[in-house]
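Notes follow the structure.
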Amino acid sequence: MSIAAYKRTISETESPRQIERRVLSTVTAELESKSLAFDQAEESLDKLTLLADGLRETLWYNQRVWMALRNDLADPGNALAPDLKAGLISLALWVDSHTQGVLKGEQKVRPLLDINRSILRGLEGNPMHVME
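Mapping to our numbering: the sequence shown position 14 is 163, numbers consecutive.
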């Protein structure tokens with residue numbers, strides 16, 4: 150099966166919410182696997198090494214996911230409540246800013262994971278635990 154056919158099959162069998170959950174879950178798992186060592190590193194050289202060993206690409210992937218969510222939320226056809234859209238767009242902007250801080254070695258990855266996990270809980274239909 151070609152990649153285009155595979156993507157078409159996925160988009161025909163998954164709801165947008167399921168696709169968002171799957172993509173966010175994937176990037177969150179990747180961040181989790183690389184974040185602890187970075188967050189515990191005290192030396193800039195150690196952080197740079199971890200970024201070069203794949204964390205940078207994972208952070209960019211997470212940033213692209215949030216950029217896509219932000220673009221979807223800003224679309225006039227998006228049916229979410231305006232206050233929810235505004236809150237999520239604000240989160241997306243924060244993710245972008247915080248990611249830049251992580252890439253500079255000034256911030257930790259953990260807050261990005263916390264945000265992703267909270268959104269995942271909401272996408273799973275468990276809003277009582279969103280943004281703990």
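A virtual CB, placed ideally from N, CA and C, is assigned to each residue, including glycine.
In this text the structure is predicted, and so the values were computed from the model without any measurement.
Query	Result
Near M216, what residues of its chain come up, given a Cβ to Cβ distance below 8 Å and the 5 sequence neighbours on each side ignored?	A241 and D245
Ends of the alpha helix (DSSP H) at E179?	P165 to Q189
Report buried or exposed for L185, applying the criterion of at least 16 other Cβ atoms within 10 angstroms of its Cβ.	exposed
Give the straight-line distance between the Cα atoms of R270 and A178, rounded to the nearest whole angstrom.	14 Å
Buried or exposed: H278, going by 16 or more other Cβ atoms within 10 Å of its Cβ?	Residue placement at H278 cannot be trusted, given a pLDDT of 46 that sits under 50; the coordinates are not used to answer.
In its own chain, which residues sit with a C-beta less than 8 Å from the C-beta of N265, not counting the 5 before and 5 after it?	L173, V176, T177, L180 and N211
Given a cut-off of 8 Å on the beta-carbon distance, is the pair I238 and L222 in contact?	yes
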